[in-house]
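First up is the structure itself, then whatever we jot down about it.
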Amino acid sequence: MLKGIDPLIGPDLLRVLAQMGHGDEIVISDANFPSVSVASRTVHGKALRMDCDVACALRAVLSLLPIDTFQPEPVTTMQVVDDPQAVPDVLRECAPILTSAGIAFTAIERFAFYERASRAFAVLRTAEIRPYGNFILRKGIIV
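Heads up, the working numbering is the position in the sequence shown plus 93, with the first residue counted as 1.
This is the structure we're talking about:
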């Protein structure tokens with residue numbers, strides 16, 4: 094244990110967050126996301142795990158990770174298939190976490206999300222069972 098670090102953040106995730114540079118991305122995914130296969134194509138190469146829901150994971154990661162301010166929407170979510178305007182329950186819960194921190198987000202089509210996720214630095218799989226609980230966060234800088 095370390096002071097000031099959310100206990101949900103284990104040593105592997107802490108190392109990954111520290112290794113990421115400006116512009117690198119991390120995926121926070123639900124339990125349905127193909128985390129192992131997608132993570133095998135990322136820089137880290139293996140799926141990380143956090144046994145909590147996406148909202149808890151998002152809060153924990155955002156407590157340490159500076160978010161990119163050079164791009165207008167540094168967080169990306171996955172659109173609902175056949176209903177891109179739908180707002181899934183998990184996004185309804187997580188949106189206030191992002192907006193209260195001044196973080197804008199956008200949604201992209203499912204397969205575009207998978208493709209972008211495969212180019213991320215790492216994938217963090219949560220225990221979230223609600224569908225569409227997938228977020229890509231772009232790291233910023235500390236000034």
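All C-beta atoms, glycine included, are put in the ideal place defined by N, C-alpha and C.
Let's test the definition: count the other Cβ atoms within 10 Å of the Cβ of residue i and tell me whether it reaches 16, buried, or not, exposed.
i, result
"K96", "exposed"
"I98", "exposed"
"M240", "Residue numbering for the chain in the displayed model covers 94 to 236; residue 240 lies beyond these limits and cannot be assessed."
"S128", "buried"
"V109", "buried"
"S122", "buried"
"E221", "buried"
"A153", "buried"
"A215", "buried"
Under 7 Å, do residue i and residue j count as touching if we go by C-beta distance?
i, j, result
"V168", "R203", "no"
"E118", "A213", "yes"
"L217", "L151", "no"
"N227", "M143", "no"
Does the CB of residue i have a neighbour CB from chain B at under 7 Å?
i, result
"R209", "The structure shown contains no chain B; it is built from a single protein chain."
By how many angstroms is the C-alpha of residue j removed from the C-alpha of residue i?
i, j, result
"A194", "R231", "14 Å"
"C145", "F163", "30 Å"
"G233", "A197", "13 Å"
"L191", "L155", "9 Å"
"R185", "Q112", "31 Å"
"A210", "I160", "17 Å"
"P177", "T199", "11 Å"
"L107", "T219", "15 Å"
"A225", "P189", "Here residue 225 turns out to be Tyr, not Ala, going by the sequence shown. Each residue's alpha carbon lies about 16 Å from the other."
"L158", "G138", "20 Å"
With a cut-off of 8 Å on the beta carbons, I'd call residue i and residue j a contact; round off their distance for me.
i, j, result
"R223", "D182", "5 Å"
"C187", "A148", "5 Å"
"I229", "V120", "5 Å"
Just reading off the alpha helix (DSSP H) that residue i is part of, what are its end residues?
i, result
"I190", "182 to 193"
"L106", "104 to 112"
"L151", "147 to 155"
Over what stretch of residues does the beta strand (DSSP E) that includes residue i continue unbroken?
i, result
"E118", "118 to 122"
"A132", "No beta strand (DSSP E) contains A132, which is instead part of the alpha helix (DSSP H) from 128 to 132."
"A210", "Run containing A210: none in the beta strand (DSSP E); it sits in the alpha helix (DSSP H), 203 to 211."
"I229", "228 to 231"
Quick check: is any heavy atom of the ligand PLP less than 6 Å from the C-beta of residue i?
i, result
"S193", "Absent from the structure shown: the ligand PLP. Ligands present: none."
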